[in-house]
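Asks: In this note's numbering, the protein residues as written are 602 to 726.
Pasting a structure below so you can have a look.
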């Protein structure tokens, strides 16, 4: 069988895998991720993916992410929908605040004009 990686690389990966699986990482936070396997071994991500035999072993030891249940998917869809509605509501609030400011300015100008006209009317009497 032809090795996809050198013996030295194989040894580094196996040592890194054992440290991570035993919870004794030296160079990472200890999360069981292929990226951490590469960092722990001091190798590139691409090199790790060429080591198919080691990756197969890694995959047998590291649990796959749990798939979301239908209830969780429904919850996430509801959250996504509510976030969209919230964004739209905030946009509408900003637009209405802008209109309110314009109307307040117009009202203030009309009030000032009304006062001026009343004063002129009083002065004529």
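Glycine included, every Cβ here is placed at the ideal spot set by N, Cα and C.
Apply the 10 Å Cβ neighbour rule to residue 614 and answer buried if 16 or more other Cβ atoms are within range, or exposed otherwise.
Replies: buried
Asks: Determine the contact status of residue 611 and residue 675, defining contact as a CB-CB distance below 8 Å.
Replies: no
Asks: If I measure Cβ to Cβ from residue 722 and keep anything under 7 Å in the same chain, skipping five residues before and after, which residues do I get?
Replies: none
Asks: Looking only at its own chain, which residues have a Cβ that is under 7 Å from the Cβ of residue 609, when we skip the five neighbours before and after it?
Replies: none
Asks: Considering residue 703, what are the terminal residues of the alpha helix (DSSP H) in which it resides?
Replies: 671 to 725
Asks: By the 10 Å Cβ neighbour count, where 16 or more other Cβ atoms means buried, how is residue 649 classified, buried or exposed?
Replies: buried
Asks: Label residue 639 either buried or exposed according to how many other C-beta atoms from any shown protein chain fall within 10 Å of its C-beta, with 16 as the threshold for buried.
Replies: With 16 or more Cβ atoms within 10 Å of its Cβ, residue 639 is classed as buried.
Asks: To the nearest whole angstrom, what separates the beta carbons of residue 641 and residue 617, a pair I think is in contact under 8 Å?
Replies: 4 Å
Asks: According to DSSP, simplified to helix, strand and coil, what is residue 646?
Replies: DSSP places residue 646 within a helical segment (H, G or I) once states are collapsed to three.
Asks: Let me know the secondary structure DSSP gives residue 615 once reduced to three states.
Replies: Residue 615 falls in the helix class under three-state DSSP.
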